[in-house]
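Student: Position one of the sequence shown corresponds to residue 1282 (the numbering used here), numbered consecutively onward. For reference, the structure I am asking about is given below.
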Amino acid sequence: MKTVYIPKGETVSYENLTTEYLVVEGCLKVSCDLKAKTISGGGFIEAGRVSAGDIRADDLECAGVACARLIAKRVETSELFASESLFKIF
1282 MKTVYIPKGE TVSYENLTTE YLVVEGCLKV SCDLKAKTIS GGGFIEAGRV SAGDIRADDL
1342 ECAGVACARL IAKRVETSEL FASESLFKIF
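If you want it as structure tokens, here you go:
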């Protein structure tokens, strides 16, 4: 898949998800691996492991994150690898 869009008010579940562009305005639950070139949106993402180039999300909850750039309001993880990061504080 090239682009995956999760609209506001919708919950979508996958076992594994690989895509170029991911936009999450609703709720995305991935039980194992989530891989994307770009992840963005104001929704909630729950995954086992997340691997991406750019992540710009409001709410990210996962076991591990590996990315180049991370911009997020809230991240809950036990393992985070990011070469650049910015956490919004409200």
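We treat Cβ as the ideally placed atom computed from N, Cα and C, and that holds for glycine. In this text the structure is predicted, and so the values were computed from the model without any measurement.
Report, in whole angstroms, the separation of the C-beta atoms of ILE1287 and GLY1307, which I expect to be a contact under 8 angstroms.
Tutor: Residue mapping note: residue 1287 aligns to position 6 of the sequence shown, counting from 1. Residue mapping note: residue 1307 aligns to position 26 of the sequence shown, counting from 1. Their Cβ separation, rounded to whole angstroms, is 4 angstroms, which keeps ILE1287 and GLY1307 in contact under 8 angstroms.
Student: Would ALA1328 pass as a contact of ILE1320 if the rule is Cβ separation under 7 angstroms?
Tutor: Stepping through the sequence shown from its first residue, residue 1328 is reached at position 47. Stepping through the sequence shown from its first residue, residue 1320 is reached at position 39. No, they are not a contact pair.
Student: Residue range of the beta strand (DSSP E) that THR1319 falls in?
Tutor: On the sequence shown, position 38 is the one that residue 1319 refers to. Run containing THR1319: 1308-1357, per the beta strand (DSSP E) assignment.
Student: In the structure shown, what three-state DSSP assignment does GLU1296 receive?
Tutor: To locate residue 1296, count along the sequence shown from 1; it is residue 15. It is coil, neither helix nor strand.
Student: Is the separation between the beta-carbon of VAL1304 and that of GLY1322 shorter than 7 angstroms?
Tutor: One-based indexing of the sequence shown puts residue 1304 at position 23. One-based indexing of the sequence shown puts residue 1322 at position 41. Cβ distance < 7 angstroms, so VAL1304 and GLY1322 count as in contact.
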